[in-house]
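Please read the structure below before turning to the comments.
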Ligand code: HEM
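Residue numbers (our numbering), protein chains in the order written: chain A, 34 to 291; chain B, 517 to 936.
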């Protein structure tokens, strides 16, 4: 059975590879090829590069937050980027939230607190569309998980602007983007060189900002990742030892039979 | 060993009134098991463990989840972000679902290969098929709960299938939905049923095990264990073997949970459900893909220009038929020889069938266009031909290889089983 299993699996893989070549052109037309980059958060020991995360937060804050919300995060989550309590209070205090009712039964505006969720730029989708030519800037909290090839796609999208290759004209309000499915996106290129001035002095090239904000958003989508991988390592080591012991027990027990 | 070995007076006192200890001894310790079971036989008990894990993690998730269209998506994200080890619970439950299907598919193909469905195990097999159907219903409804884009649109596509039923179809669909579209009542009833069904599965698994312990396990040789030399007590031999199997299984399972938790998922389900925006490709979870391919395989069936059966209805009939046909397998395959090891022709077609299922899965993952339509039709035709035509023909014409005299003769007579 083992022999025939290998044979069949090989045949299947071969067949599928061959067939997918036939089918590939159709698929390629819709989904642009996305290049894979290496990220600090890849792999078994992956962790978020703190400096990149902080720079990425700066990019989000100064550029993207004008249009995109991050509603699943609270300000105090930023502690994970290495910010202290006072920094976080200051970040939050830049925003206002509605609270209440107070003792008179009135709603009132107050400065956001670390326990508040990130304040979204628009009150509702209608307002967001009205301000963006009818297009809706999606919330970015889960963006990296909500697209195939998440981080690589986001980077490719942010660096994918340019002129349409065949010099074709695009409809008003749409911009050519090599990574976006269909290549016509309603978001104008959000990043230009020196769109932000990094507090740590890193030159703010488009590549640098795209990669930083991607790292930040990858964290926003999976804030548990570092803890998960750290715990995973312990669990896997434990299971390896346990399984080895169980294998030994099994051999010992069964040796009585032969 | 029997219960009389338990000399502790309390044990004895209880046992004389409620013979749980005798029962456990009988069914889990002394229980005679063929001595030649290979690791493909470990997957039944692995499935049992997974079922327990699903129920435990599910109940704990339920303590934090909110079944309401306005809160469901965010309550899941709250579990992921704010509940202590909530991400672990959710990833265990999500990946556990996929593992459950992998394990069950192996368990089921094991049965197909070694002829475990044949007399006297027809009811054991039938109970297995019922478990499989219940699992599919449970998984389908569970996938709706996070209320992401695929939750919503997958549910829309699948529930709409019932509208293909002539005359009463549309009424059935609004009855399922609890309204005129998939909405809050749908989510709430799916939640209630998703909570209920695993306990039904538990009950059917119990019956499955009762039936198993009546007929005893089949084995790679497919011949019945006759004397004591063919069998060994379940404990310690198969407990030891199964526990090693658990270890390997958990390594794979935890590998996904900790290092690729979204491997089996669809990115679209991290976008909140939006009834106004249809995703470009609606695909069900991977374990439904072969059935999804069968669903979409058939065209309208016309007679003299009149549509006799719509493509939708035909698809629905075939999709359900593809599972229901498993109930009849014990009678379609009337060859007296169980194990494919002694059935050279059957063995070849078994593997072709296996590949056919993979191909159907691949077709199901792709849009029903051009080449995939053709492949889907060929695959579907073969799927049914395998059960209805090929298996009975093989049973009739094939000349099986000679069977060994007994399990012990084959195992101890110097010739070891090749599959272990
Ligand atoms: C919740 C899901 C299930 C659980 C927990 C479960 C559990 C088990 C266990 C513990 C065994 C004995 C060990 C073994 O032979 O592997 C077994 C045997 C068996 N199961 Fe299942 N099972 C499940 C689903 C199914 C399904 C879906 C089928 C097929 C449609 C099936 C068919 C069988 C058969 C035919 C046997 C006897 C096999 C033999 O002795 O050769 N089971 N099951």
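Glycine included, each C-beta is placed from N, C-alpha and C at the ideal position.
Computed from a predicted structure; not experimentally measured.
Just to confirm the assignment, what range does the beta strand (DSSP E) spanning residue i have?
{"i": "residue 107 of chain A", "result": "Residue 107 of chain A -> no beta strand (DSSP E), and no H or E assigned at all."}
{"i": "residue 141 of chain A", "result": "141-144"}
{"i": "residue 129 of chain A", "result": "129-132"}
{"i": "residue 824 of chain B", "result": "822-825"}
{"i": "residue 817 of chain B", "result": "817-819"}
{"i": "residue 747 of chain B", "result": "747-749"}
With distances taken Cα to Cα, identify the nearest neighbour of residue i among the options.
{"i": "residue 574 of chain B", "options": "B:661, B:545, B:626, B:538", "result": "B:661"}
{"i": "residue 179 of chain A", "options": "A:255, A:114, A:143, A:230", "result": "A:255"}
{"i": "residue 230 of chain A", "options": "A:92, A:69, A:68", "result": "A:92"}
{"i": "residue 590 of chain B", "options": "B:750, B:664, B:813", "result": "B:664"}
{"i": "residue 637 of chain B", "options": "B:847, B:860, B:894", "result": "B:847"}
{"i": "residue 612 of chain B", "options": "B:911, B:601, B:563", "result": "B:563"}
{"i": "residue 244 of chain A", "options": "A:289, A:228, A:70, A:270", "result": "A:70"}
{"i": "residue 73 of chain A", "options": "A:130, A:187, A:81", "result": "A:81"}
{"i": "residue 290 of chain A", "options": "B:869, B:607, B:927", "result": "B:927"}
{"i": "residue 648 of chain B", "options": "B:577, B:815, B:839", "result": "B:839"}
{"i": "residue 851 of chain B", "options": "B:732, B:572, B:909, B:610", "result": "B:909"}
{"i": "residue 937 of chain B", "options": "B:918, B:813, B:865", "result": "Look at the range of chain B in this structure, 517 to 936, and you will see that residue 937 of chain B is not part of it."}
{"i": "residue 541 of chain B", "options": "B:597, B:652, B:752, B:690", "result": "B:752"}
{"i": "residue 171 of chain A", "options": "B:912, B:786, B:832", "result": "B:786"}
{"i": "residue 894 of chain B", "options": "B:843, B:643, B:810", "result": "B:810"}
{"i": "residue 89 of chain A", "options": "A:267, A:203, A:271, A:232", "result": "A:232"}
{"i": "residue 628 of chain B", "options": "B:683, B:771, B:735, B:680", "result": "B:735"}
{"i": "residue 606 of chain B", "options": "B:633, B:578, B:631", "result": "B:578"}
{"i": "residue 855 of chain B", "options": "B:527, B:593, B:632", "result": "B:632"}
{"i": "residue 608 of chain B", "options": "B:555, B:879, B:539, B:565", "result": "B:565"}
{"i": "residue 242 of chain A", "options": "A:163, A:95, A:114, A:280", "result": "A:95"}
{"i": "residue 598 of chain B", "options": "A:137, A:114, A:110", "result": "A:110"}
{"i": "residue 814 of chain B", "options": "B:572, B:737, B:890, B:743", "result": "B:890"}
{"i": "residue 186 of chain A", "options": "A:246, A:162, A:201, A:206", "result": "A:246"}
{"i": "residue 749 of chain B", "options": "B:760, B:739, B:733", "result": "B:733"}
{"i": "residue 282 of chain A", "options": "B:770, B:755, B:771", "result": "B:755"}
Mind checking whether the beta-carbon of residue i lies closer than 6 Å to any heavy atom of the ligand ZN?
{"i": "residue 920 of chain B", "result": "The ligand content of the structure shown is limited to the ligand HEM, which means the ligand ZN is not among them."}
Just reading off the alpha helix (DSSP H) that residue i is part of, what are its end residues?
{"i": "residue 709 of chain B", "result": "700-731"}
{"i": "residue 593 of chain B", "result": "588-597"}
{"i": "residue 609 of chain B", "result": "602-630"}
{"i": "residue 240 of chain A", "result": "239-254"}
{"i": "residue 87 of chain A", "result": "83-95"}
{"i": "residue 293 of chain A", "result": "The shown model of chain A, from 34 to 291, leaves out residue 293 of chain A, and the question about it has no answer."}
{"i": "residue 923 of chain B", "result": "923-928"}
{"i": "residue 72 of chain A", "result": "Careful: residue 72 of chain A lies outside any alpha helix (DSSP H) and carries neither H nor E."}
{"i": "residue 872 of chain B", "result": "860-880"}
{"i": "residue 887 of chain B", "result": "887-901"}
{"i": "residue 740 of chain B", "result": "Taken as a continuous stretch (DSSP letters only), residue 740 of chain B belongs to no alpha helix (DSSP H), as it is neither H nor E."}
{"i": "residue 283 of chain A", "result": "258-288"}
{"i": "residue 909 of chain B", "result": "907-913"}
Between the stretch 917-926 of chain B and the stretch 545-557 of chain B, do at least 3 Cβ pairs fall closer than 8 Å?
-> Yes: at least three Cβ pairs fall under 8 Å.
Taking only runs of the alpha helix (DSSP H) that begin and end inside the stretch 526-565 of chain B, which ones reach a length of at least 4 residues, in chain order?
-> If only uninterrupted alpha helix (DSSP H) runs of at least 4 residues are considered, those enclosed by the stretch 526-565 of chain B are 536-540.
Any contact of the stretch 726-733 of chain B with the stretch 580-594 of chain B, i.e. 3+ C-beta pairs under 8 Å?
-> The stretch 726-733 of chain B vs the stretch 580-594 of chain B: no contact.
What residues in the stretch 244-259 of chain A have a beta carbon less than 7 Å from any beta carbon of chain B?
-> Cβ contacts with chain B come from 256, 257.
Report the residues of the stretch 204-215 of chain A with a CB closer than 7 Å to any CB of chain B, ordered along the chain.
-> The stretch 204-215 of chain A vs chain B, Cβ under 7 Å: nothing.
Does the stretch 709-722 of chain B come close enough to the stretch 617-626 of chain B to have 3 or more Cβ pairs within less than 8 Å?
-> The stretch 709-722 of chain B, when compared against the stretch 617-626 of chain B, does not touch it at the 8 Å Cβ threshold.
Mind the definition here: the stretch 143-161 of chain A touches the stretch 119-126 of chain A only if three or more C-beta pairs lie below 8 Å; say whether that holds.
-> Note that the stretch 143-161 of chain A touches the stretch 119-126 of chain A; at least 3 beta-carbon pairs, one per stretch, sit closer than 8 Å.
How do the stretch 865-873 of chain B and the stretch 788-802 of chain B stand: do at least 3 beta-carbon pairs fall below 8 Å, yes or no?
-> No: the two stretches stay apart, fewer than three of their Cβ pairs being nearer than 8 Å.
Could you give the uninterrupted runs of the alpha helix (DSSP H) lying entirely in the stretch 759-830 of chain B, keeping only those of 4 residues or more?
-> For the stretch 759-830 of chain B, whole alpha helix (DSSP H) runs of length 4 or above, ordered along the chain, are 805-811.
Count the CB pairs spanning the stretch 191-208 of chain A and the stretch 218-227 of chain A that are closer than 8 Å, and state whether there are at least three.
-> Touching, yes, given that three or more Cβ pairs across the two stretches are closer than 8 Å.
Can at least three beta-carbon pairs, one atom from the stretch 160-169 of chain A and one from the stretch 761-779 of chain B, be found at a separation below 8 Å?
-> Touching, no.
Check distances from the C-beta atoms of the stretch 828-859 of chain B to those of chain A and list, in chain order, the residues that come in under 7 Å.
-> Within the stretch 828-859 of chain B, no residue has a Cβ lying closer than 7 Å to any Cβ of chain A.
Interfacial residues, the stretch 755-768 of chain B to chain A, with Cβ spacing under 8 Å | Of all residues in the stretch 755-768 of chain B, 756, 757, 759, 760, 762, 763, 764, 766, 767 have a Cβ within less than 8 Å of some Cβ in chain A.
The stretch 149-160 of chain A / the stretch 95-108 of chain A touching (three or more Cβ pairs under 8 Å) | A contact exists between the stretch 149-160 of chain A and the stretch 95-108 of chain A.
Check whether the stretch 585-605 of chain B touches the stretch 699-706 of chain B, counting contact only when three or more Cβ pairs, one atom from each stretch, lie closer than 8 Å.
-> Yes: at least three Cβ pairs fall under 8 Å.
Name, going along the chain, the residues of the stretch 603-632 of chain B whose beta-carbon falls closer than 7 Å to a beta-carbon of chain A.
-> Residues of the stretch 603-632 of chain B with a C-beta less than 7 Å from any C-beta of chain A: 603, listed in chain order.
Complete runs of the beta strand (DSSP E) confined to the stretch 657-707 of chain B [at least 3 residues] = Runs of the beta strand (DSSP E) inside the stretch 657-707 of chain B: none found.
Which of the residues in the stretch 150-175 of chain A, read from start to end, lie with their CB under 9 Å from any CB of chain B?
-> Here the close residues are 171, 172, 174, 175.
Any alpha helix (DSSP H) of 4 or more consecutive residues that is wholly inside the stretch 138-213 of chain A | Along the length of the stretch 138-213 of chain A, whole alpha helix (DSSP H) runs at least 4 residues long occupy 158-164, 183-191, reported in chain order.
Members of the stretch 118-132 of chain A near chain B, C-beta cut-off 8 Å | Only those residues of the stretch 118-132 of chain A whose C-beta falls short of 8 Å from the nearest C-beta of chain B would be listed, and there are none.
Members of the stretch 538-564 of chain B that neighbour chain A once the beta carbon cut-off is set at 8 Å = Result list: 551.
Short-range partners of chain A found in the stretch 581-602 of chain B, where Cβ spacing is below 8 Å = So the close ones are 590, 593, 596, 597.
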